[in-house]
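**Q** Sharing a structure below in structure tokens format, with a few things to ask.
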Amino acid sequence: MKSKSKVFQINSSALRAKASSRKKKTPENRSFNWKGVLLTLFLAVSMVVGCDTRPILYSEDVPEVVDKPSVAAAAVQALQARGYTIALINETTGTVTTEWADVTGVMGHIFEMSTRKRVMVSVSLDGRNVSVQMTKQERTETMGWRNDVMSRKDKRETQRILEEILESLQIYQ
Numbered sequence: 059m060k061s062k063s064k065v066f067q068i069n070s071s072a073l074r075a076k077a078s079s080r081k082k083k084t085p086e087n088r089s090f091n092w093k094g095v096l097l098t099l100f101l102a103v104s105m106v107v108g109c110d111t112r113p114i115l116y117s118e119d120v121p122e123v124v125d126k127p128s129v130a131a132a133a134v135q136a137l138q139a140r141g142y143t144i145a146l147i148n149e150t151t152g153t154v155t156t157e158w159a160d161v162t163g164v165m166g167h168i169f170e171m172s173t174r175k176r177v178m179v180s181v182s183l184d185g186r187n188v189s190v191q192m193t194k195q196e197r198t199e200t201m202g203w204r205n206d207v208m209s210r211k212d213k214r215e216t217q218r219i220l221e222e223i224l225e226s227l228q229i230y231q
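Going by my numbering, the sequence shown opens with residue 59, and the numbers climb by one from there.
Here it is as structure tokens:
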């Protein structure tokens with residue numbers, strides 16, 4: 059029994075000696091926590107880089123089959139009235155796509171960021187659904203083009219384009 063208590067006493071006294079030999083942390087002798095800084099930086103960058111958004115899509119089922127060339131003509135009319143330049147018209151499929159429109163605002167010019175958007179109108183294969191999709195992208199000096207967050211204004215504009223097309227076809231009043 060005595061040998062066990064001696065071992066315990068030796069170990070506990072060794073621990074006390076080791077603990078007393080450590081320097082107390084003061085502002086002068088603290089080391090900088092690089093791991094914490096790097097982890098925080100990594101999380102911040104991953105949140106910024108990973109915030110791409112999807113294009114918005116508004117779609118409407120129509121009660122009767124629509125004529126695809128008529129949808130294409132109505133889409134061209136609605137988009138040109140809003141200032142879009144048409145890039146592609148396919149009357150066979152009822153698809154209309156605009157050129158990228160530069161929508162960079164004053165703040166974008168100050169911070170050297172460019173913003174653009176594009177609209178695509180399409181008809182389903184069976185002709186019973188008309189869709190309008192808007193894609194908005196942003197570019198900075200350090201990154202290429204990436205999808206940008208859609209504002210309420212962008213969403214309303216996309217929905218209004220769909221309504222105008224359907225009104226022109228006398229389907230939606």
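Yeah, the Cβ is synthetic: ideal placement off N, Cα and C, and Gly gets one too.
Computed from a predicted structure; not experimentally measured.
Based on the DSSP secondary-structure assignment, which residues constitute the bridge partners of Lys126?
**A** Answer is none; Lys126 lacks a bridge partner.
**Q** Identify which residue in Ile223, Val177 and Met201 has its Cα closest to the Cα of Pro113.
**A** Comparing Cα-Cα distances from Pro113 to each of Ile223, Val177 and Met201, the minimum goes to Val177.
**Q** Measure from the alpha carbon of Tyr142 to the alpha carbon of each residue in Ser209, Val181 and Ile219, then state which is nearest.
**A** It is Ile219.
**Q** How about Ile229 and Val120: do their beta carbons lie closer than 8 angstroms?
**A** Yes, they are a contact pair.
**Q** Out of curiosity, what's the CA-to-CA distance linking Arg197 and Val161?
**A** If I take the Cα positions, the gap works out to 12 angstroms.
**Q** By how many angstroms is the C-alpha of Gln135 removed from the C-alpha of Thr237?
**A** Absent from the model: residue 237. The displayed extent of the chain is 59 to 231, so no value can be given.
**Q** For Glu199, tell me which candidate among Asn205, Met171 and Met208 has the shortest Cα-Cα distance.
**A** The shortest Cα separation from Glu199 among Asn205, Met171 and Met208 belongs to Met171.
**Q** Considering only the beta carbon of each residue, do Thr151 and Lys126 sit closer than 8 angstroms?
**A** Against a cut-off of 8 angstroms, the Cβ pair of Lys126 and Thr151 comes out as a contact.
**Q** Quick one: what does DSSP say Val134 is sitting in, helix, strand or coil?
**A** Three-state result, Val134: helix.
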